[in-house]
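Worksheet: one structure, shown below.
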Ligand SMILES: CCCCCCCCCCCCCC(=O)OC[C@@H](O)COP(=O)(O)OC[C@@H](O)CO
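Numbering (the working numbering), first residue to last: 1 to 257.
Pasting the structure below:
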């Protein structure tokens, strides 16, 4: 696929931003995002010589509301826990949607705006404590290893940079077909991808982490032929010549919501 004479790169790389914008005031959270985390997303600094235990955390999505219901469908949320040997303090770190999963999965139609609208920011949430029951009851709480306080602090700096530049949650993994040699058109960007990036960063920093059991991560797949770039919002939704395309997209939003 050629776009503006440039060969299209698959999967389309996740777009990074210079900095996270404020969310649109139209978007409403049913549940406050990261209610007990720091308002500015700050992560406490550990002493360089501290020993920090790292935990794999997994629980069914919406466990707080539906218990193990989504766990039965293997729809799981992933996070990471930390525990400081020097202070005994525990921490939870996760990445999830500011305005709930449905709004990241499907756009909305606003009565006064022609183009579909997304409330799909996602962000890292770091807060004090590990709710053992929440994570272990229907999921997993497993120690993976230890890192030094210095490695933790370097990871914390990376988390803040990653969080400032990677701002949109993307639910779907889009591939050409279900087979092993499929081409990935778009990768998802969700809780488990954040966990993978963090493990990768910790391993770059020299950490040795390992799990006793195989971890399965939740992904939801769409299969399609090779995508073509049709234009951005303003190109599609403000040009009379593209009205049919714009209507088709709106109708598709109506039929999926
Ligand atoms: C409403 C339609 C949704 C259809 C989508 C079907 C499944 C999609 C699976 C995507 C993977 C989900 C993993 C993930 O990113 O989880 C993050 C988040 O949704 C978890 O939400 P939560 O409310 O269970 O937990 C957040 C919580 O820990 C806050 O303290």
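Glycine is no exception: its CB is placed at the ideal position from the N, C-alpha and C atoms.
Residue 148, DSSP secondary structure in three states:
strand
Using three-state DSSP, classify residue 259 as helix, strand or coil.
Examination of residue 259 is not possible in this model, given that the chain is present from 1 through 257 alone.
To the nearest angstrom, how far is it from the Cα of residue 2 to the Cα of residue 12?
At residue 2 the pLDDT is 48, less than 50, meaning the model places this residue with poor confidence; the figure from the coordinates comes in the next sentence. Computed Cα separation, rounded: 13 angstroms.
Can residue 101 be considered in contact with ligand 1, in the sense that its beta carbon sits closer than 6 angstroms to one or more heavy atoms?
yes
For ligand 1, is there a heavy atom less than 6 angstroms away from the beta-carbon of residue 75?
yes
Report the start-end ranges of each alpha helix (DSSP H) in the stretch 196-242 that is 4 residues or longer and not cut off at the edges.
Within the stretch 196-242, complete alpha helix (DSSP H) segments of at least 4 residues are found at 233-237, given in chain order.
Determine, using beta-carbon pairs with one atom in the stretch 34-48 and one in the stretch 147-163, whether at least three such pairs fall under 8 angstroms.
yes
In angstroms with no decimal places, state the Cα-to-Cα distance between residue 15 and residue 115.
20 angstroms
Looking at the unbroken beta strand (DSSP E) that takes in residue 128, where does it start and where does it end?
122-128
With respect to 6 angstroms, is the separation between the Cβ of residue 190 and the closest non-hydrogen atom of ligand 1 below this value?
Correct: residue 190 has its Cβ closer than 6 angstroms to ligand 1.
Cβ shell of residue 81 (< 6 angstroms), same chain only, five flanking positions each side left out:
55, 57, 92 and 130
If you measure between the beta carbons of residue 188 and residue 170, is that distance less than 7 angstroms?
yes
Starting from the Cα of residue 134, find the closest Cα among 78, 229 and 7 and give me that residue.
78
With a cut-off of 8 angstroms, do at least 3 Cβ pairs link the stretch 26-33 to the stretch 200-207?
no
I'd like to confirm something about residue 180: is its beta-carbon nearer than 6 angstroms to some heavy atom of ligand 2, or not?
Absence of ligand 2 is noted for the structure shown, with ligand 1 being the only ligands found.
Does the beta-carbon of residue 96 have 16 or more other beta-carbons within 10 angstroms, so that it is buried, or is it exposed?
buried
What do you get for residue 76, buried or exposed, if any count of 16 or more other CB atoms within 10 angstroms of its CB means buried?
buried
Let's see if you can read the secondary structure: which residues bound the alpha helix (DSSP H) around residue 137?
Here the alpha helix (DSSP H) through residue 137 covers 132-137.
For residue 174, is the beta carbon positioned less than 6 angstroms from some heavy atom of ligand 1?
no
How many Å lie between residue 211 and residue 141 at the Cα?
11 angstroms
According to DSSP, which residues form a beta bridge with residue 29?
The partner list for residue 29 (beta bridge, DSSP) is empty, contrary to what the question assumes.
Alpha carbon of residue 201 to alpha carbon of residue 160, nearest angstrom:
13 angstroms
CA-to-CA distance, residue 147 to residue 107, given in whole angstroms:
Distance between the alpha carbons of residue 107 and residue 147: 40 angstroms.
Looking at the structure shown, is residue 2 part of a helix, part of a strand, or coil, going by DSSP?
Per-residue confidence for residue 2 stands at a pLDDT of 48, beneath the threshold of 50, marking its modelled position as unreliable; the derived number appears in the next sentence. Note: residue 2 maps to strand in three-state DSSP.
Whole-angstrom distance between residue 109 and residue 225, CA atom to CA atom
Straight-line measurement puts the Cα of residue 109 at about 26 angstroms from the Cα of residue 225.
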